[in-house]
Amino acid sequence: MGHLLTAISRQQRAHPDGAFVVAGDFNRADLRTVLPKFHQYVDCPTRGGNTLDRVYSNIMHEYKTKPLPNLGQSDHISLLMIPSYRPLVRRIRPSTREIRVWPVGASEQLQDCFRSTEWSLFVENNVDTYASTVLFYVKSCIDVVTTTKQIRVFPNNKPWLNRDVYLLLKARNAAFHSGDAQQYREARAKLKKGIRNAKAMYCRRIEKHFESSDPRRVWQGLRQITGQNIKNELASSSAHLADQLNQFFSRFEEGTGTTVTTALATSTSSETTTDRQPFLLQTCDVQRAFRSINIRKAAGPDGIMGRVIRDCAAELAGVFTDIFNLSLLQGSVPTCLKTSIIVPVPKQSVVVSLNDYRPIALTSVVMKCFERLVLDHIKAGLPSTLDPFQFAYRRNRSTDDAISIAVHTVLSHLERQGTYARLLFVDYSSAFNTILPDRLFLKMTNLGIHQKICLWVRNFLTDRPQTVRMGPYYSSTLVLSTGAPQGCVLSPFLYSLYTCDCTPLYKSNTIIKFADDTTVVGLISENDETAYRKEVQGLIQWCKENNLMLNTKKTKELIIDFRRKKSVFLPLHINGEEVERVGSFKYLGIYISEDLSWTANINMVVRKVQGRLYFLRMLRGLNLSQHLLLSYYHSTIESVLTYSILSWYGSSSETDKKALQRIIKIAQNVIGLQLPTLDEIFTSRTLKKSHNILRDPTHPAHNFFELLPSGRRYRTMKTRTTRLLNSFYPRALIALNNDLRASCKK
Numbered sequence: 000m001g002h003l004l005t006a007i008s009r010q011q012r013a014h015p016d017g018a019f020v021v022a023g024d025f026n027r028a029d030l031r032t033v034l035p036k037f038h039q040y041v042d043c044p045t046r047g048g049n050t051l052d053r054v055y056s057n058i059m060h061e062y063k064t065k066p067l068p069n070l071g072q073s074d075h076i077s078l079l080m081i082p083s084y085r086p087l088v089r090r091i092r093p094s095t096r097e098i099r100v101w102p103v104g105a106s107e108q109l110q111d112c113f114r115s116t117e118w119s120l121f122v123e124n125n126v127d128t129y130a131s132t133v134l135f136y137v138k139s140c141i142d143v144v145t146t147t148k149q150i151r152v153f154p155n156n157k158p159w160l161n162r163d164v165y166l167l168l169k170a171r172n173a174a175f176h177s178g179d180a181q182q183y184r185e186a187r188a189k190l191k192k193g194i195r196n197a198k199a200m201y202c203r204r205i206e207k208h209f210e211s212s213d214p215r216r217v218w219q220g221l222r223q224i225t226g227q228n229i230k231n232e233l234a235s236s237s238a239h240l241a242d243q244l245n246q247f248f249s250r251f252e253e254g255t256g257t258t259v260t261t262a263l264a265t266s267t268s269s270e271t272t273t274d275r276q277p278f279l280l281q282t283c284d285v286q287r288a289f290r291s292i293n294i295r296k297a298a299g300p301d302g303i304m305g306r307v308i309r310d311c312a313a314e315l316a317g318v319f320t321d322i323f324n325l326s327l328l329q330g331s332v333p334t335c336l337k338t339s340i341i342v343p344v345p346k347q348s349v350v351v352s353l354n355d356y357r358p359i360a361l362t363s364v365v366m367k368c369f370e371r372l373v374l375d376h377i378k379a380g381l382p383s384t385l386d387p388f389q390f391a392y393r394r395n396r397s398t399d400d401a402i403s404i405a406v407h408t409v410l411s412h413l414e415r416q417g418t419y420a421r422l423l424f425v426d427y428s429s430a431f432n433t434i435l436p437d438r439l440f441l442k443m444t445n446l447g448i449h450q451k452i453c454l455w456v457r458n459f460l461t462d463r464p465q466t467v468r469m470g471p472y473y474s475s476t477l478v479l480s481t482g483a484p485q486g487c488v489l490s491p492f493l494y495s496l497y498t499c500d501c502t503p504l505y506k507s508n509t510i511i512k513f514a515d516d517t518t519v520v521g522l523i524s525e526n527d528e529t530a531y532r533k534e535v536q537g538l539i540q541w542c543k544e545n546n547l548m549l550n551t552k553k554t555k556e557l558i559i560d561f562r563r564k565k566s567v568f569l570p571l572h573i574n575g576e577e578v579e580r581v582g583s584f585k586y587l588g589i590y591i592s593e594d595l596s597w598t599a600n601i602n603m604v605v606r607k608v609q610g611r612l613y614f615l616r617m618l619r620g621l622n623l624s625q626h627l628l629l630s631y632y633h634s635t636i637e638s639v640l641t642y643s644i645l646s647w648y649g650s651s652s653e654t655d656k657k658a659l660q661r662i663i664k665i666a667q668n669v670i671g672l673q674l675p676t677l678d679e680i681f682t683s684r685t686l687k688k689s690h691n692i693l694r695d696p697t698h699p700a701h702n703f704f705e706l707l708p709s710g711r712r713y714r715t716m717k718t719r720t721t722r723l724l725n726s727f728y729p730r731a732l733i734a735l736n737n738d739l740r741a742s743c744k745k
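Residue 166 in numbering that gives the first Met the number 0 is what sits at position 167 of the sequence shown, and the numbering runs on without skipping anything.
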């Protein structure tokens with residue numbers, strides 16, 4: 000297979016756009032072990048009951064196979080490969096988009112308009128009226144200085160196509176229909192030259208953007224050139240489906256919270272924080288937030304684009320500061336700012352039910368800035384030790400930390416005889432959509448957050464108008480008072496506050512959280528699972544009290560047991576349903592197996608990266624500079640190869656490491672530059688992560704790094720097995736000591 004891979008890679012490098020077909024008697028070998036992006040088309044036995052003859056291609060849905068009788072004395076049947084490929088332009092219909100046209104000087108006109116506006120005329124004590132009037136005025140000014148137009152977008156359009164190429168295409172077609180062979184040859188030659196020139200001009204433009212520190216346009220152009228992230232099918236949409244989705248997304252609204260509200264109203268009356276000064280914003284802070292807006296974000300229901308807010312930050316900061324402060328003092332969020340349009344995003348390629356859509360909220364750009372300012376204030380007042388095993392939305396925390404802590408907790412426990420571990424990967428049904436604002440209010444008050452802020456957050460989550468947009472169709476509006484909209488700046492952090500009291504009841508258990516991904520790690524000794532099972536029951540009860548719905552069908556359990564004499568494991572039940580036990584589970588993007596080998600994860604990485612190598616070859620065929628090819632490699636290939644590398648690379652087998660290094664070698668040949676090996680990347684990132692943990696006393700792994708009395712090295716971990724020795728934290732201590740030793744020699 001190695002020789003075949005080398006030969007095919009050489010041809011792919013020379014012809015990145017080519018269609019490759021590999022056919023032959025493979026016996027029991029499988030080409031997809033080295034080229035997982037190739038598709039195998041023979042689905043019938045070719046000799047007896049076995050499929051020995053195979054046909055592979057790099058094009059999906061290219062052929063259908065029809066078996067035919069044997070030829071002559073052959074003991075293999077014949078195969079007829081029937082073409083079934085449909086071009087992209089036939090799979091996806093052209094779409095019509097409405098775009099806003101910004102004439103030259105439009106931003107300057109808006110600045111002059113807002114600068115000369117007498118904002119005091121808009122002032123109202125009612126924050127709803129005040130905010131809606133100002134937003135309507137801003138939108139009216141935008142409509143005056145800009146226009147809209149509709150354009151058709153074809154799925155096979157290339158970004159380098161320009162007017163000259165279109166004219167040459169028409170001339171070539173006219174020459175073909177004229178029947179003049181000489182004229183046709185000349186027109187075809189001119190078209191080829193025009194396409195080469197257009198591609199060269201577009202590549203130079205991309206490189207120019209790159210040199211001018213504008214990477215967004217570079218990657219936007221590269222994705223268009225390569226065809227990356229193109230959808231093969233469009234989801235069907237209708238007004239009825241939009242209404243169905245809106246009802247489905249609001250299903251947690253029924254029967255929540257009236258009793259909770261009454262209880263909380265009495266409990267919080269005595270626990271006020273009115274003795275502290277309320278939080279108010281300064282105009283300079285609002286202006287800074289406006290200037291940092293990402294103008295690529297879509298406008299919300301108010302229709303005000305981020306470009307307007309950013310370009311007119313100085314002119315609009317004053318009036319919006321007044322609105323924001325009035326909102327904070329009254330503990331009330333204007334309805335126009337918390338109105339949302341829900342855009343359903345498919346969770347998977349094939350949608351079979353309403354639950355396969357994820358509700359993403361489009362909210363006002365102005366409100367996003369407001370949320371960001373409130374978020375900074377809340378974070379500044381919280382203790383750094385709050386919920387140390389919540390690894391999301393915190394500085395110096397990542398998926399690497401969550402996975403490494405989980406694996407290290409298990410491996411350290413398995414060092415002792417007669418032990419095993421059970422890992423429960425909990426899945427919630429629409430976790431963000433089930434938050435009870437009143438219960439969140441109580442939890443925030445108990446954390447010492449100012450009551451005005453708590454009231455403001457509760458009002459932000461209640462009485463929210465919501466509409467679902469499905470293509471050109473809109474649903475009717477529903478008003479919700481449960482949950483936090485996905486897509487808002489505050490929602491993820493509010494969820495982490497909502498779940499901060501979800502902590503283990505027993506020392507032998509650990510609850511690791513990354514946003515709504517929750518894992519219960521139960522460390523079992525002498526076959527006594529009492530603490531683990533009580534922990535799970537405690538989690539079930541906590542979920543009932545906090546309105547979180549456990550999805551038992553998607554909740555999985557992984558048992559890690561290296562004992563020679565394994566016992567029979569009794570299944571776990573949640574709400575009467577048995578939890579499925581699995582051999583491996585994808586946790587935070589990484590496959591964890593019951594034998595703690597990383598082969599399944601590395602096979603997934605290799606399959607994913609093989610497709611991206613095709614795009615790298617395509618870019619090389621466009622004669623892009625090595626500098627740009629290297630940047631593309633770092634952002635789209637190396638990023639996949641090294642995702643959470645600290646948690647799995649040290650324990651990987653040499654065979655798996657070679658499979659990954661083979662990818663780097665192929666990319667190296669395409670780019671023509673020396674690339675860093677995974678060993679080098681792993682070592683450098685290990686040292687960087689170690690220093691970050693040392694500087695962060697609140698990190699759960701900070702206590703692992705204990706300096707010896709000499710002050711010249713760190714205490715290494717005692718390990719009985721190679722499994723623990725090769726895991727991240729023991730390797731990190733060794734790497735840190737080696738680095739200190741090398742520094743002393745210098």
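All residues carry an ideal CB built from backbone N, CA and C; glycine is no exception.
Could you pull out every residue in the same chain whose Cβ sits closer than 6 Å to the Cβ of residue i, ignoring the five residues on either side in sequence?
i, result
"Ala22", "Val54"
"Thr408", "Thr509 and Val520"
"Ser268", "Confidence at Ser268 is low in this model, with a pLDDT of 39, below 50, so the placement of that residue should be treated as unreliable; the coordinate-derived value is given next. No residues qualify anywhere along the chain."
"Trp101", "Thr145"
From residue i to residue j, what does the alpha carbon distance come to, in whole angstroms?
i, j, result
"Thr271", "Thr433", "In this prediction, Thr271 scores a pLDDT of 45, lower than 50, which makes its location untrustworthy; the coordinate-derived value is nonetheless stated afterwards. Whole-angstrom Cα-Cα distance: 26 Å."
"Met548", "Trp455", "26 Å"
"Phe289", "Phe37", "48 Å"
"His626", "Leu70", "54 Å"
"Asn124", "Ala130", "10 Å"
"Arg12", "Leu615", "9 Å"
"Phe25", "Asp52", "6 Å"
"Arg252", "Asn445", "For the record, residue 252 in the displayed sequence is Glu; it is not Arg. So the alpha carbons of these two residues sit roughly 25 Å apart."
"Lys157", "Ala6", "30 Å"
"Thr265", "Asp111", "Per-residue confidence for Thr265 stands at a pLDDT of 41, beneath the threshold of 50, marking its modelled position as unreliable; the derived number appears in the next sentence. The straight-line gap from Cα to Cα measures roughly 51 Å."
"Ile511", "Val364", "33 Å"
"Ile340", "Pro358", "9 Å"
"Leu413", "Val406", "11 Å"
"Pro382", "Arg306", "36 Å"
"Tyr713", "Ala741", "14 Å"
"Glu370", "Thr676", "42 Å"
"Tyr494", "Arg204", "44 Å"
"Ile573", "Thr718", "36 Å"
"Phe19", "Gln660", "24 Å"
CB-CB under 7 Å to residue i, same chain, minus the five flanking residues each way: which ones, in chain order?
i, result
"Asp355", "Pro345, Lys346 and Gln347"
"Asp695", "Asn395 and His701"
"Thr257", "Because the pLDDT of Thr257 is 41, which lies under 50, any placement of that residue in the model is unreliable, and the question is left without a value."
"Ile448", "Ile377 and Gly380"
"Leu623", "Cys202"
Give the single residue among the options whose Cα lies nearest to the Cα of residue i.
i, options, result
"Leu686", "Asp462, Gln660, Glu579 and Phe704", "Phe704"
"Arg730", "Ile644, Gln673, Ala658 and Leu707", "Ile644"
"Cys542", "Leu629, Leu413, Arg438 and Leu595", "Arg438"
"Val608", "His633, Asn574, Gly178 and Ser592", "His633"
"Leu557", "Leu571, Asn550, Arg563 and Asn546", "Leu571"
"Pro471", "Thr95, Asp179 and Gly47", "Thr95"
"Ser650", "Phe727, Leu707 and Thr697", "Phe727"
When we look at the beta-carbon of residue i and count the other beta-carbons within 10 Å, is it buried (16 or more) or exposed?
i, result
"Pro93", "exposed"
"Thr384", "exposed"
"Phe113", "buried"
"Glu544", "exposed"
"Lys378", "exposed"
"Tyr84", "exposed"
"Gly299", "buried"
"Leu263", "Its pLDDT being 45, under 50, Leu263 is placed unreliably in this model, and the value from its coordinates should be taken loosely. Counting Cβ neighbours within 10 Å, Leu263 comes out buried, since at least 16 surround it."
Considering only residues of the same chain and omitting the five flanking positions on each side of residue i, which have a CB-CB separation below 8 Å?
i, result
"Thr260", "Confidence in Thr260 is poor, its pLDDT being 45 and thus under 50, which makes the residue's placement unreliable; the coordinate value appears in the next sentence. Closer than 8 Å at Cβ, skipping near neighbours: Asp437."
"Gly302", "Lys138 and Ile141"
(Q) For the stretch 524-532 against the stretch 410-428, do three or more pairs of beta-carbon atoms, one drawn from each stretch, fall closer than 8 Å, so that the two count as touching? (A) With contact defined as three or more Cβ pairs closer than 8 Å, the stretch 524-532 and the stretch 410-428 are in contact.
(Q) For the structure I just gave you, are there three or more beta carbon pairs, one from the stretch 326-336 and one from the stretch 448-465, closer than 8 Å? (A) Taking 8 Å as the limit for Cβ pairs, the verdict is that the stretch 448-465 does touch the stretch 326-336.
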